[in-house]
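Residue numbers (the numbering used here): 22 to 411.
Even glycine gets a Cβ: it sits at the ideal position worked out from N, Cα and C.
Since the model is a prediction, treat every value here as computed from it, not as a measurement.
What follows is one structure encoded as structure tokens, with my remarks underneath.
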């Protein structure tokens, strides 16, 4: 059953009002497990029996010079050479098992997901672009204003809106998730060039009861490929042919990719990131390959974010979506627009108005199988859905 909360407080606040330790990939034990009924422990399965619980890509963290008092956090560079290998060119497919939006019910400080995206250390340094307010970077110049925004949505929505527990429960039920395909990999801790492709999956095959088949996370789960993730129905749209593995850390920098967040069995929010970074600790065990301590990072164009709200039900009206004409949408937009901290292109002058928000997400992934090509069934009834801008 879909859970709804009143957003009166959120709207009122928005209309009235009209930041590796510092530089490391977080420990996978911080991931929300979601509903692990029949699937085992999520964090354990994500690391598999391939990596120790304290495996941390921070061992390969790279700190580069930035402004005074700020060393910028970047992923490790390509290794100087490949490790010897007789494995040939491996192809690995993994499905995102858990996602971490940085929300902590206990009030704890979320991990510093992400990296420096703009070459700046805002506060004390300057911002990347012109915005209604200045959003300070996290330690290491990490840009993740979107993480703070998600937490604000969640808190003001009473713990139901944008719940990472709900997202992980839906993934565990076989709903939409993100697929990663690694090709031309030598299977060692160091490979100077691999291909990383990302796919939106609409879920596992539908069972006899009409619902997706819950994944077992044993390496054999079949996940569909959404046609919107493909070019001419064949080749992946979101790809970095120059990804690499350094010290067991996968690093890819796709110019554009989409992360699906199934908020419940009906609502699907697509996080549309550009000029991004994907990293994670690769490991192999009895259940196949896995990624622990993963980070999905990038710039979320404000217009794309606003458009994605049309596919989320309005907590103030269970029969409607977050359409531009609703009070809830107005409240969310009122929180988003002042928080924009980057430009979408990444190369615009600092005098340009901000039109994107930075976002870093944590994730784990487990070996999977690419399935049939499908089309998302996500729908909206918003009569005024369409482009909107801050």
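| Query | Result |
| --- | --- |
| Can you find a C-beta in chain B that's less than 7 Å from the C-beta of residue 341? | Note that chain B does not occur in the displayed structure, where there is just one protein chain. |
| Measuring straight from C-alpha to C-alpha, what distance separates residue 297 and residue 220? | 15 Å |
| Report the rounded CA-to-CA distance for residue 151 versus residue 353, giving the unit in angstroms. | 20 Å |
| Judging by CA-CA distance, which residue of 392, 232, 283, 155 is the nearest neighbour of residue 334? | 283 |
| For the segment 94-110 against the segment 193-201, are there 3 or more C-beta pairs whose distance is under 8 Å? | no |
| Taking C-alpha atoms, which residue in 238, 99, 293, 382 lies nearest to residue 322? | 293 |
| Answer yes or no: do residue 271 and residue 251 have a C-beta to C-beta separation smaller than 7 Å? | no |
| When the distance is taken between beta carbons, is residue 103 closer than 7 Å to residue 239? | no |
| Taking residue 186 as part of the alpha helix (DSSP H), name the residues at either end of that continuous run. | 185-193 |
| Would you report the Cα separation of residue 227 and residue 254, rounded to the nearest angstrom? | 21 Å |
| Do you know how far the Cα of residue 137 is from the Cα of residue 244? | 32 Å |
| In chain order, what residues of the same chain lie with their CB nearer than 6 Å to the CB of residue 256, ignoring the 5 residues before and after it? | none |
| Tell me the start and end of each unbroken beta strand (DSSP E) in the segment 76-160 that is at least 3 residues and wholly inside, in chain order. | 83-85, 93-95, 111-121 |
| Give the secondary structure of residue 337 by DSSP, where H, G and I count as helix, E and B as strand, and everything else as coil. | coil |
| Got a sec: does the ligand HEM put a non-hydrogen atom nearer than 6 Å to the Cβ of residue 358? | Only the bare structure without any ligand can be found here, which leaves the ligand HEM out of the picture. |
| Under three-state DSSP, which class holds residue 395? | strand |
| Could you say which of 383, 266, 400 lies nearest to residue 101 if we only look at CA atoms? | 266 |
| Please name the residue, chosen from 349, 330, 325, that lies closest to residue 336 on a Cα-to-Cα basis. | 349 |
| Could you tell me how far apart the beta carbons of residue 295 and residue 281 are, in whole angstroms, since I believe they sit closer than 8 Å? | The Cβ separation is near 16 Å, so there is no contact. |
| Let me check one thing: in DSSP terms, what residues is residue 304 bridge-paired to? | 311 |
| Identify which residue in 182, 300, 386 has its Cα closest to the Cα of residue 306. | 386 |
| Are the beta-carbon atoms belonging to residue 341 and residue 115 less than 7 Å from one another? | no |
| So which of 96, 92, 91 has the shortest CA-CA distance to residue 269? | 96 |
| Would you decide whether residue 346 is buried or exposed? Buried here means 16 or more other CB atoms lie within 10 Å of its CB. | exposed |
| Taking contact to mean 3 or more Cβ pairs, one atom from each stretch, closer than 8 Å, check whether the segment 163-177 and the segment 374-384 are in contact. | yes |
| Less than 7 Å between the beta carbons of residue 361 and residue 375, yes or no? | yes |
| Per DSSP, which one or two residues make a beta bridge with residue 233? | 227 |
| By Cβ distance, which residues of its chain are closer than 6 Å to residue 318, with the 5 residues on each side in sequence left out? | 135, 136, 297, 298, 381 |
| Start and end of the beta strand (DSSP E) containing residue 206? | 198-206 |
| Tell me where the beta strand (DSSP E) around residue 259 begins and ends. | 259-267 |
| Grab me the residues of residue 291's own chain with a C-beta within less than 6 Å of its C-beta, minus the 5 sequence neighbours each way, in chain order. | 279, 281, 329 |
| Quick one: residues in its chain with C-beta nearer than 7 Å to the C-beta of residue 405, no 5 flanking neighbours on either side, listed in chain order? | 344, 345, 346 |
| Taking Cβ to Cβ, would you say residue 397 is nearer than 7 Å to residue 223? | yes |
| Pull up the distance between the alpha-carbon of residue 368 and that of residue 149, whole angstroms please. | 10 Å |
| Alpha carbon to alpha carbon, how far is residue 185 from residue 113? Give it in angstroms, no decimals. | 26 Å |
| Do you know offhand how far residue 94's Cα is from residue 370's? | 22 Å |
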